[in-house]
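*Asks:* Once you've had a glance at the structure underneath, I'll fire off some questions.
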Amino acid sequence: MVAFLARSLASLAVTFVMVMTLVFVAMEALPGDAAMLRSGIDASAAATDAARRELGLDAPVIVRYAQWWGDLVRGDLGDSFRERRPVTTILVERLPVTGALALAAFSLSVVLGLGLGFLAGMTPGSRFDRGVLGYTTIGLALPEFWFGFVLLLVFAIAWPVLPLIGLPDGGGAGAWLRHLTLPAITLAIPRAAQLARLTRATVLEHRQADWVRTVRAKGGPASLEFRHVAANASPGLFAPIALEAGGLLTGTIVVEQVFGLPGVGAMLIGAIGARDVPVVQGATVLAVLVYVAMNLLADVALAAGDPRAREA
Amino acid sequence: MQWGLALATLVLFFTIVGPWLVPHDPLEPDYRALYAAPSFMHLLGTDGLGRDVFARTLAGGRVSLVIALTATCVTALLGTLAGLVAAQLGGRWDAALVRIFDALLAFPGFLLVLLVVAALGGGTVQTILALGVAGTPLYFRLVRGFARTARDLDHVQAARAIGAGPLRTSLRHVLPTFLGPLTVQLATTAAGFLLVEASLSYLGLGVSLPTPTWGNVLQDARALLMRQPWAALGPGLALGMSTLSLQLIADGIRDALDPKRNGTW
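Keeping their order, the protein sequence lines are chains A and B. The opening residue of the first sequence carries number 1 in this note's numbering; numbering runs sequentially from there. The opening residue of the second sequence carries number 1001 in this note's numbering; numbering runs sequentially from there.
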């Protein structure tokens, strides 16, 4: 297990360097001249040049690349062009909204996805199974924001039990929960559907295994059969669950827009529109870090649950 | 499968022929009929500029479908080529390609699309490129895996033994062994791209206005959700039917390729 961890971490380190280099290249490729933005669009050429020197943009690419790594390692993501304050500060302000939303959506989709998938897989061909099939088919056929519209129409407009958009000013956890309910359900609909499909397929596969057939032949109770299936099917589901968690940070982008939530996603979209490269970069680094970390977690969880996976 | 093909035919018919059958220009504002409710003249009503929502849905379908299908071809072509090359050359080239595509895979897919669109600017071609880049690593992995397995098959070794070059071996003998599963993946990818394109246009980063796509027609609908909820129905339904038909086709091909899977979804 130690050797496995060491190998995973080494491979992760290489991937991390490559990915961050890609981020650097992508940020270089983004349109917009930082010096121009800093000095104002009607500034004189001399003023723009001064701003360029001040920002260190007159240095060769290699030098800037090295400096960029130095800043990154120290946790400095630069200052926002627009707001002229550190990107990390802005990120820290925005993260609670997105984090809470992602966490709520994640919990909901894991509980729903695993639950529906397991039950459908244990009763293939039943009415329940077909119901789950219907849900997963529709859940994966439409964009998530469309479900957001429907939820808004039903629960905020036609039958106004939940707030329409935005976040409460202050207010306790209860108020937050009310505002995050619809966005979290919106995010969870396609993700739970995806997970339910996968879980069902895995459960079906393991139900055919010899040891499960033996349990059934010996007349073991359904709970015992369920345990045998669950123990073998679970490790294979760690990876998709961790990947889902990693992808949620970008999944929130669209949903934050639908529900007017001031999270990291909304910040990213605003920054892209305003050509605020440091902010775009900050959001990107954060999303990639979470995604890569979750990938590692998936590998580790799989190895912990299934000794065979440690060999590969 | 039959249902999938029937649905696909329906969607294609409406998006290809539809815009000629509707007596409204999807771009033409009609200031005498703003926010009109659905009627026989305007099946889904009109939007805030008096444009016919039904006409915009049909015209948007053309753009959305062209983007999703073209991007699928681009991504499959790039990924398949890179995958075949990696499997054929092996060694250092293979390792380098794997590293590059692994790094791309370390980006959450949607973020990658966003960044490419942000760098290139919005538009039809840019959106196709962004989707193409984001999808390529997946195809690379898939094709490389298949091609490495196929290398050791008898008929491939026989071809190599009688002097077939790397190009001929790859295209004539290796590629056909996994064309089936690749086709399944194509249909799934096209469905996924339709949804991603809708999200992009919804965010205002995809195809720029006033050109309608299902995504930005839905964006208009979001603004008017309280006033005229029916405007969200048309593009949503059209989009859902398209992705559903592609998924059903993918399932159908999968079942046909693997009889053991029949009846399980």
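Glycine is no exception: its CB is placed at the ideal position from the N, C-alpha and C atoms.
For residue 1241 of chain B, which residues in the same chain have their Cβ closer than 6 Å to its Cβ, ignoring the five residues on either side in sequence?
*Replies:* Looking up residue 1241 of chain B in the second sequence gives position 241. Result list for residue 1241 of chain B: 1007, 1011, in chain order.
*Asks:* Would residue 1202 of chain B pass as an interface residue toward chain A - the criterion being a Cβ-Cβ separation below 8 Å?
*Replies:* The residue labelled residue 1202 of chain B in the question sits at position 202 within the second sequence. True, the Cβ-Cβ gap to chain A drops below 8 Å.
*Asks:* Terminal residues of the continuous alpha helix (DSSP H) containing residue 58 of chain A?
*Replies:* For the purposes of this step, residue 58 of chain A is taken as the residue at position 58 of the first sequence. Looking at the DSSP string, residue 58 of chain A is not in any alpha helix (DSSP H), and its letter there is neither H nor E.
*Asks:* List the whole-angstrom C-beta distance separating residue 1198 of chain B from residue 1174 of chain B, where the pair is believed to meet the contact cut-off of C-beta under 8 Å.
*Replies:* As a position in the second sequence, residue 1198 of chain B is number 198, starting the count at 1. As a position in the second sequence, residue 1174 of chain B is number 174, starting the count at 1. That belief does not hold up - the Cβ atoms of residue 1198 of chain B and residue 1174 of chain B are roughly 36 Å apart, past 8 Å.
*Asks:* Pull up the distance between the alpha-carbon of residue 234 of chain A and that of residue 108 of chain A, whole angstroms please.
*Replies:* Counted from its first residue, the first sequence places residue 234 of chain A at position 234. Counted from its first residue, the first sequence places residue 108 of chain A at position 108. Distance between the alpha carbons of residue 234 of chain A and residue 108 of chain A: 18 Å.
*Asks:* Rounded to whole angstroms, what's the CA-CA distance from residue 191 of chain A to residue 1159 of chain B? Just pull it up for me.
*Replies:* Along the first sequence, one-based indexing puts residue 191 of chain A at 191. Along the second sequence, one-based indexing puts residue 1159 of chain B at 159. Roughly 45 Å separates the two Cα atoms.
*Asks:* Does DSSP classify residue 1258 of chain B as helix, strand or coil?
*Replies:* Counting from 1 along the second sequence, the entry for residue 1258 of chain B is found at position 258. Residue state, collapsed to three classes: coil.
*Asks:* Quick one: which residues of the stretch 1248 to 1260 of chain B get their C-beta closer than 7 Å to a C-beta of chain A? List them in chain order.
*Replies:* Answer in chain order: no residues at all.
*Asks:* Looking only at C-alpha atoms, which of B/1075, B/1013, B/1082 sits nearest to residue 1059 of chain B?
*Replies:* By one-based count along the second sequence, residue 1059 of chain B stands at place 59. The shortest Cα separation from residue 1059 of chain B among B/1075, B/1013, B/1082 belongs to B/1013.
*Asks:* Does the distance between the C-beta of residue 189 of chain A and the nearest non-hydrogen atom of the ligand FAD fall short of 7 Å?
*Replies:* The model depicted lacks the ligand FAD and carries no ligand whatsoever.
*Asks:* Name the residue from B/1003, B/1236, B/1243 whose alpha carbon lies nearest to the alpha carbon of residue 145 of chain A.
*Replies:* Mapped onto the first sequence, residue 145 of chain A falls at position 145. If we check each option's Cα against that of residue 145 of chain A, B/1236 comes out closest.
*Asks:* Would you give the residue range spanned by the alpha helix (DSSP H) that residue 1108 of chain B belongs to?
*Replies:* For the purposes of this step, residue 1108 of chain B is identified with residue 108 of the second sequence, where counting begins at 1. From DSSP, residue 1108 of chain B is part of no alpha helix (DSSP H); its letter is neither H nor E.
*Asks:* Determine the contact status of residue 276 of chain A and residue 82 of chain A, defining contact as a CB-CB distance below 8 Å.
*Replies:* Along the first sequence, one-based indexing puts residue 276 of chain A at 276. Along the first sequence, one-based indexing puts residue 82 of chain A at 82. Yes. Within cutoff.
*Asks:* Compare the C-alpha of residue 224 of chain A against each of A/71, A/122, A/95 and name the closest.
*Replies:* Position 224 of the first sequence holds residue 224 of chain A. Of the listed residues, the one whose Cα sits closest to residue 224 of chain A is A/122.
*Asks:* Ignore the nearest five residues each way along the sequence and tell me which others in residue 1165 of chain B's own chain have a CB closer than 6 Å to its CB.
*Replies:* In the second sequence, counting from the first residue as 1, residue 1165 of chain B sits at position 165. If we look at residue 1165 of chain B and ignore the five residues flanking it on each side, it has no Cβ neighbours.
*Asks:* Would residue 1219 of chain B be called buried (16 or more neighbouring beta carbons within 10 Å of its own) or exposed?
*Replies:* By one-based count along the second sequence, residue 1219 of chain B stands at place 219. Its Cβ being crowded by 16 or more others within 10 Å, residue 1219 of chain B is buried.
*Asks:* In three-state DSSP terms, what is residue 129 of chain A?
*Replies:* By 1-based counting over the first sequence, the position of residue 129 of chain A is 129. Helix.
*Asks:* For residue 1181 of chain B and chain A, any beta-carbon pair shorter than 8 Å?
*Replies:* If you number the second sequence from 1, residue 1181 of chain B lands on position 181. Answer no: the Cβ-Cβ gap between residue 1181 of chain B and chain A never drops below 8 Å.
*Asks:* Return the first residue and the last residue of the alpha helix (DSSP H) that residue 1128 of chain B is part of.
*Replies:* As a position in the second sequence, residue 1128 of chain B is number 128, starting the count at 1. Segment 1124 to 1151, the alpha helix (DSSP H) holding residue 1128 of chain B.
*Asks:* Could you round the C-beta distance between residue 1127 of chain B and residue 1200 of chain B to whole angstroms and report it? I think they count as a contact, below 8 Å.
*Replies:* Translated into positions along the second sequence, residue 1127 of chain B becomes position 127. Translated into positions along the second sequence, residue 1200 of chain B becomes position 200. Going by Cβ atoms, the distance from residue 1127 of chain B to residue 1200 of chain B rounds to 6 Å, so yes, they are a contact pair.
*Asks:* Taking the runs of the alpha helix (DSSP H) that are 4 residues or longer, which of them lie wholly in the stretch 195 to 261 of chain A?
*Replies:* You should have 210 to 217, 222 to 258.
*Asks:* Can you check which of these residues, A/241, A/287, A/244, is closest to residue 263 of chain A by C-alpha distance?
*Replies:* Looking up residue 263 of chain A in the first sequence gives position 263. Here the closest residue by C-alpha is A/287.
*Asks:* Sort A/149, A/213, A/216 by Cα distance to residue 1224 of chain B and report the nearest one.
*Replies:* In the second sequence, counting from the first residue as 1, residue 1224 of chain B sits at position 224. With distances taken between Cα atoms, residue 1224 of chain B lies closest to A/149.
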